[in-house]
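These notes are about the structure you will find just below.
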Amino acid sequence: SVTILKAEDLGKVQSTSLVSKIEGLTPGLSTYGDELEIRGASSFAVSSTPLLVVDGIVMNQSLSSINPDDVETITVLKDASSTAIYGVKAANGVIVITTKKGERGRLSLNYSGNFSVGEKLNYDKLEIMNSKQRVDLSREAYERGAQVPNDKIGYIGLALAYQRGEISYDEFDRGAKALESVNTNWFDVLYQTPFSHSHSLSFSGGNENSTYYASLGYSSNQNTAKGNSQTSYTGRLNLSSTFWNKLRLNV
223 SVTILKAEDL GKVQSTSLVS KIEGLTPGLS TYGDELEIRG ASSFAVSSTP
273 LLVVDGIVMN QSLSSINPDD VETITVLKDA SSTAIYGVKA ANGVIVITTK
323 KGERGRLSLN YSGNFSVGEK LNYDKLEIMN SKQRVDLSRE AYERGAQVPN
373 DKIGYIGLAL AYQRGEISYD EFDRGAKALE SVNTNWFDVL YQTPFSHSHS
423 LSFSGGNENS TYYASLGYSS NQNTAKGNSQ TSYTGRLNLS STFWNKLRLN
473 V
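Following the numbering used here, the numbering of the sequence shown begins with 223 at its first residue and continues without gaps.
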């Protein structure tokens with residue numbers, strides 16, 4: 223089967239990733255990070271990534287390196303009959319991308335931007351004890367004679383140390399009060415508000431003999447977990463010229 227996506231279709235999916243846009247518009251696809259699988263994994267040792275063809279050239283690069291705003295059409299080839307022209311390399315399917323070209327006429331300047339903000343993880347909807355409640359629970363369990371592990375930390379560690387005579391009651395009391403006031407918000411330590419944005423600037427134009435198209439792209443994804451963010455830059459230049467009304471050169 224064949225699925226054809228146009229630039230207008232891609233624009234309807236609010237994402238800075240071309241992989242996410244294709245996945246959201248094409249049935250039967252699965253994603254693994256920045257890669258797509260059309261027919262599913264068939265081997266643990268051999269890659270199941272589909273063949274990528276950009277403007278008629280087989281590319282050995284990730285889809286994530288392509289600016290979505292540079293794409294004119296995407297054709298996803300799934301079955302054997304559709305991929306036969308590309309040989310054995312197309313065993314995992316083919317993704318054919320046609321990029322935008324310059325058009326004759328005056329200079330045209332285009333800008334597109336995309337912003338996305340998510341919700342930060344927090345304790346608001348979680349029934350979690352604070353430090354004082356946790357100490358109270360440990361104190362009640364210890365005083366009722368519950369079987370407790372031979373811990374050296376927390377309230378149980380303090381109680382056992384006092385029981386063995388290793389610390390005085392004042393030291394035990396000060397330690398217990400200190401434990402009641404320790405409330406580390408691990409969601410603040412480990413997580414952040416997810417925020418992503420992308421920007422693309424392109425210009426194109428030309429005359430009867432030559433056309434040009436150039437673009438610059440910037441994308442930043444600040445994910446929920448701190449230290450798990452990505453930033454990417456893209457650039458593209460396309461020149462097309464006709465000589466003697468017979469020879470056409472594309473660069």
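Virtual Cβ for every residue (Gly too), placed ideally from N, Cα, C.
All values reported here derive from a predicted model rather than from experimental measurement.
Assuming contact is defined by CB atoms lying nearer than 9 Å, are Thr305 and Val316 in contact in what I supplied? yes
Candidates Ala368, Thr295, Tyr384 and Val404: closest to Ala229 by CA position: Thr295
Taking the beta carbon of Thr406 as the centre, do at least 16 other beta carbons fall within 10 Å, making it buried, or is it exposed? exposed
Verify whether the separation of the beta carbon atoms of Ser437 and Ser330 is less than 9 Å. no
Run through the segment 385–433 for me and flag every whole alpha helix (DSSP H) of 4 or more residues, listed as ranges in chain order. 391–402 and 408–412
Counting Cβ pairs closer than 8 Å, one from the segment 338–353 and one from the segment 377–388, do we hit at least three? no
Could you check whether the Cβ of Ile260 sits closer than 8 Å to any heavy atom belonging to the ligand SAM? Among the components modelled here there is no ligand, and therefore nothing to report on the ligand SAM.
Is the beta carbon of Ser454 sitting closer than 9 Å to the one on Ser442? yes
Taking Cβ to Cβ, would you say Leu469 is nearer than 9 Å to Tyr435? no
Identify the residues that DSSP records as bridge partners of Leu285: which are they? DSSP, once it has assigned bridges, lists no residue as partnering Leu285.
Count the other C-beta atoms from every protein chain shown that fall within 10 angstroms of the C-beta of Tyr377, then say buried if there are 16 or more, exposed otherwise. buried
Just checking, does the segment 384–404 make contact with the segment 282–293 on the three C-beta pairs under 8 Å criterion? no
From what residue to what residue does the beta strand (DSSP E) around Glu259 run? Glu257 to Glu259
Where in the segment 280–348 do unbroken runs of the beta strand (DSSP E), each at least 3 residues long, occur, reported from the N-terminal end onward? 293–299, 316–321 and 327–339
Just the Cα atoms here: how many angstroms apart are Val241 and Lys374? 50 Å
Assign Ala267 to one of three DSSP states: helix, strand, or coil. Unreliable positioning characterises Ala267 in this predicted model, as indicated by a pLDDT of 47, which lies under 50. The coordinate reading is nonetheless provided below. Ala267 falls in the coil class under three-state DSSP.
Does Ser237 come out as helix, strand or coil in the three-state DSSP assignment? coil
Tell me whether Ile279 is buried or exposed, calling it buried when 16 or more other Cβ atoms sit within 10 Å of its Cβ. exposed
Establish whether the CB of Gln236 and some CB of chain D are separated by less than 9 Å. Protein chains in the displayed structure number just one, and chain D is not present.
Grab the span of the alpha helix (DSSP H) containing Arg361 for me, first residue to last. Ser353 to Glu365
What residue range does the beta strand (DSSP E) around Asn472 cover? Leu469 to Asn472
Under the assumption that Leu299 contacts Val318 (Cβ atoms under 8 Å), give the Cβ distance between them as a whole number of angstroms. 7 Å
Per DSSP, the bridge partner or partners of Thr464: Arg470
In this structure, what does DSSP give as the bridge partners for Leu227? Ile296
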